[in-house]
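**Student:**
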Ligand code: GDP
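Residue numbers (full-length UniProt numbering): 1 to 298.
1) Pull up the distance between the alpha-carbon of residue 281 and that of residue 34, whole angstroms please.
2) State the beta-bridge partners of residue 300 as determined by DSSP.
3) Taking the alpha-carbon of residue 286 as reference, which of 119, 145 and 186 has the nearest alpha-carbon?
4) Go to residue 220, then tell me how far its beta strand (DSSP E) extends in each direction, as first and last residue.
5) For residue 189, which beta-bridge partners are listed by DSSP?
6) For residue 217 and residue 96, I'd like the C-alpha separation in whole angstroms.
7) When every heavy atom of the ligand GDP is checked, does at least one fall within less than 7 Å of the C-beta of residue 158?
8) Specify the secondary structure class of residue 246 as computed by DSSP and reduced to three states.
9) Within a Cβ cutoff of 8 Å, which residues of the same chain sit near residue 165, ignoring the five residues on either side of it in sequence?
10) Is residue 114 close to the ligand GDP? I mean its beta-carbon at under 7 Å from any heavy atom of the ligand.
11) Less than 7 Å between the CB of residue 253 and some heavy atom of the ligand GDP, yes or no?
12) With respect to 7 Å, is the separation between the Cβ of residue 149 and the closest non-hydrogen atom of the ligand GDP below this value?
13) Are there 16 or more other CB atoms within 10 angstroms of the CB of residue 276, so buried, or fewer, so exposed?
14) Can you tell me whether residue 212 sits near the ligand GDP, meaning its C-beta is under 7 Å from at least one heavy atom of the ligand?
15) Under 8 Å, do residue 177 and residue 227 count as touching if we go by C-beta distance?
16) Could you spell out the range, first to last residue, of the alpha helix (DSSP H) harbouring residue 152?
17) Could you pull the DSSP bridge partners for residue 162 from this structure?
18) Any chance the CB of residue 283 is under 7 Å from a heavy atom of the ligand GDP?
19) Verify the contact flag: residue 279, CB atom, against every heavy atom of the ligand GDP, threshold strictly below 7 Å.
20) Relative to the ligand GDP, is the shortest distance from any of its heavy atoms to the C-beta of residue 110 smaller than 7 Å?
21) Evaluate residue 3 with the Cβ neighbour count: other Cβ atoms within 10 Å of its Cβ, from every protein chain shown; 16 or more gives buried, anything less gives exposed.
22) Is it buried or exposed for residue 213, if we count other Cβ within 10 angstroms and need 16 for buried?
23) Can you tell me whether residue 250 sits near the ligand GDP, meaning its C-beta is under 7 Å from at least one heavy atom of the ligand?
24) Using DSSP with H/G/I as helix, E/B as strand and the rest coil, what is residue 255?
25) Would you mind working out which of 75, 263, 55 and 101 sits nearest residue 225, comparing C-alpha positions?
26) Look at the Cβ atom of residue 84, then the Cβ atom of residue 247, and state whether they are nearer than 8 Å.
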């Protein structure tokens, strides 16, 4: 399913409801069939899709019992609510609560270019404003210039950082950085790991080693909001290697509607925590499921 096709297909299916003369079972079933097909094609978990279908049908049937209610509106709202529930809950993974004063270790993973380094710094800056004491560790030894980029962002946001120009083992750097900042009583130690252009076994092996050495409180999967179909497989490959606890979708300031994000949520079973909305350090927001679904269908 290509970019935005998911949102368009759902919007089109809802249009059928809006334009039908009467809403009988046949019209509703046809609409739900189209919505479910679109969701399944976007690799959304079949259980979640069936749940949406059942819940919308129940609400539509209940509408029949109440006189004077606008069935069209009820169905439309039910679909939107169910989509919101789908992206909001994420699935099985409980949101990790970060407590100030404890040494929370946050590990960022994702493909190269997805905005990982930028997002790690934004995440630090966001939490600094909330009273946390963040620190940044550059465990990306793969991309030349990664440490300099992190340093630059860290200086902009005035967050302490750690990295090395000579050490080549990311697991060692990560462990050193985390240890240093734990001693310094930083309570949000953010570890930026290296990405690759595509899912490669070497990347996953390295990620596992870094995770092993720093024992993260939370692993955040960062993904580019403009990827469509590839999102599910990509997210799943990461989740199969490390325990992803949250997703951040970047580059939502562009034309991307972020349909791929729904698939990433389905693949990781983890909720979307934040979105990136620009290149600057403060262009970062908490994820709002309602606004996201509105944009997806809009
Ligand atoms: P990494 O390879 O995953 O660490 O990616 P970088 O953090 O280096 O980001 C790659 C490019 O994407 C850089 O030019 C960033 O400025 C840009 N970028 C990151 N996040 C966003 C975002 O939310 N919106 C926009 N427009 N650009 C972003």
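Backbone N, C-alpha and C fix where the C-beta goes; we use that ideal spot for every residue, glycine too.
**Tutor:** Based on what the coordinates show:
1) On the chain shown, position 281 is the one that residue 281 refers to. On the chain shown, position 34 is the one that residue 34 refers to. If I take the Cα positions, the gap works out to 40 Å.
2) Look at the range of the chain in this structure, 1 to 298, and you will see that residue 300 is not part of it.
3) Taking the chain shown and counting its residues from 1, one reaches residue 286 at position 286. Taking only the C-alpha atoms, the option nearest residue 286 is 119.
4) Residue 220 sits at position 220 when you count from the first residue of the chain shown. Run containing residue 220: 218-224, per the beta strand (DSSP E) assignment.
5) For this step, residue 189 is matched to residue 189 along the chain shown. Note: residue 189 sits in a beta bridge opposite 105 and 135.
6) In the chain shown, the residue the question calls residue 217 occupies position 217. In the chain shown, the residue the question calls residue 96 occupies position 96. Cα to Cα, residue 217 sits roughly 8 Å from residue 96.
7) Taking the chain shown and counting its residues from 1, the one referred to as residue 158 is at position 158. Residue 158 Cβ: outside cutoff for every heavy atom of the ligand GDP.
8) The sequence position of residue 246 within the chain shown is 246, counting from 1. Reduced to three states, the DSSP call for residue 246 is strand.
9) As a first step, residue 165 is located in the chain shown; it is residue number 165 there, counting from the start. Within the same chain, residue 165 has close Cβ partners 147.
10) Along the chain shown, read from residue 1 onward, the residue named residue 114 stands at position 114. Under cutoff, so the answer is yes.
11) Translated into positions along the chain shown, residue 253 becomes position 253. Checking the Cβ of residue 253 against the ligand GDP gives yes.
12) Here residue 149 refers to the residue found at position 149 of the chain shown. Checking every heavy atom of the ligand GDP against the Cβ of residue 149, one is found closer than 7 Å.
13) Sequence index remark: in the chain shown, residue 276 carries index 276 (1-based). Buried.
14) Your numbering for residue 212 matches position 212 in the chain shown. Not so, every heavy atom of the ligand GDP lies at least 7 Å from the Cβ.
15) As a position in the chain shown, residue 177 is number 177, starting the count at 1. As a position in the chain shown, residue 227 is number 227, starting the count at 1. No.
16) Locating residue 152 in the chain shown gives position 152, counting from the first residue. Element bounds for residue 152: 146-157.
17) Locating residue 162 in the chain shown gives position 162, where the first residue counts as 1. Answer by DSSP bridge pairing, in chain order: 137.
18) For the purposes of this step, residue 283 is identified with residue 283 of the chain shown, where counting begins at 1. Yes.
19) Here residue 279 refers to the residue found at position 279 of the chain shown. It does: the Cβ of residue 279 is within 7 Å (strictly closer) of some heavy atom of the ligand GDP.
20) Residue 110 sits at position 110 when you count from the first residue of the chain shown. For the ligand GDP, at least one heavy atom lies less than 7 Å from the Cβ of residue 110.
21) By one-based count along the chain shown, residue 3 stands at place 3. Here the model assigns residue 3 a pLDDT of 42, short of 50, so the residue's position is not dependable, and the following value carries that caveat. Under this definition residue 3 is a buried residue.
22) The residue labelled residue 213 in the question sits at position 213 within the chain shown. Under this definition residue 213 is a buried residue.
23) Here the question's residue 250 lines up with position 250 in the chain shown. The answer is yes for residue 250.
24) Against the chain shown, residue 255 aligns to sequence position 255. Of the three classes helix, strand and coil, the one that applies to residue 255 here is coil, per DSSP.
25) Counting from 1 along the chain shown, the entry for residue 225 is found at position 225. Nearest C-alpha to residue 225: 263.
26) Taking the first residue of the chain shown as position 1, residue 84 is located at position 84. Taking the first residue of the chain shown as position 1, residue 247 is located at position 247. No.
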